[in-house]
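S.K.: Mind looking over this structure? Questions follow.
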Amino acid sequence: MYFITCLENLEKDALGWLGDARCFGYFLSYARAKEALETNECDVWEMGVFEYAVIEKIEPGIHPHAEEMAWFKFDREKQGFCEIPKPEETTGEYNYALG
926 MYFITCLENL
936 EKDALGWLGD
946 ARCFGYFLSY
956 ARAKEALETN
966 ECDVWEMGVF
976 EYAVIEKIEP
986 GIHPHAEEMA
996 WFKFDREKQG
1006 FCEIPKPEET
1016 TGEYNYALG
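Mapping to the working numbering: the sequence shown position 27 is 952, numbers consecutive.
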């Protein structure tokens, strides 16, 4: 499944991520998850709260690891999320959706 998680920012301290994060749901295909972000479906941006988003492919199981990840940043001009390279701040991090 392809989980969509949005993050307020990419700042963190010694204890972990600062700012809000929320898993909005999942889709059976990457294409459908990407479309939901690109069109800001159901306002996953939450009127300016979440600047970043990640789509993670996660298989069923207990504590599964994300097999694939794609990162996005909100584009105010397009009013949707646009794909970006994996941010340096996220190196070594995964499983945003399930913790």
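Backbone N, C-alpha and C fix where the C-beta goes; we use that ideal spot for every residue, glycine too.
Just the C-alpha distance for Gln1004 and Asn965, rounded to the nearest angstrom, thanks.
M.R.: 7 Å
S.K.: Could you tell me if Ala961 is buried or exposed, where buried requires 16 or more neighbouring beta carbons within 10 angstroms of its beta carbon?
M.R.: Within 10 angstroms of the beta-carbon of Ala961 lie 16 or more other beta-carbons, which makes it buried.
S.K.: Identify every residue that forms a DSSP beta bridge with Asp968.
M.R.: DSSP output for Asp968 lists no bridge partner at all.
S.K.: For a test of the three-state rule: what should DSSP assign to Tyr1021, helix, strand or coil?
M.R.: coil
S.K.: Are the stretch 929-937 and the stretch 1011-1018 touching by the rule of at least three beta carbon pairs closer than 8 Å?
M.R.: yes
S.K.: Looking only at C-alpha atoms, which of Lys959, His990, Leu940, Phe928 sits nearest to Tyr951?
M.R.: Phe928
S.K.: Distance check for Ala991 and Tyr1019, CA to CA, integer angstroms please.
M.R.: 6 Å
S.K.: Glu981 and Ala1022 - do their beta-carbons sit closer together than 8 Å?
M.R.: yes
S.K.: Taking the alpha-carbon of Ala978 as reference, which of Pro985, Ala939, Val969 has the nearest alpha-carbon?
M.R.: Val969
S.K.: Can you check whether the CB of Val974 is closer than 8 Å to the CB of Asp945?
M.R.: yes
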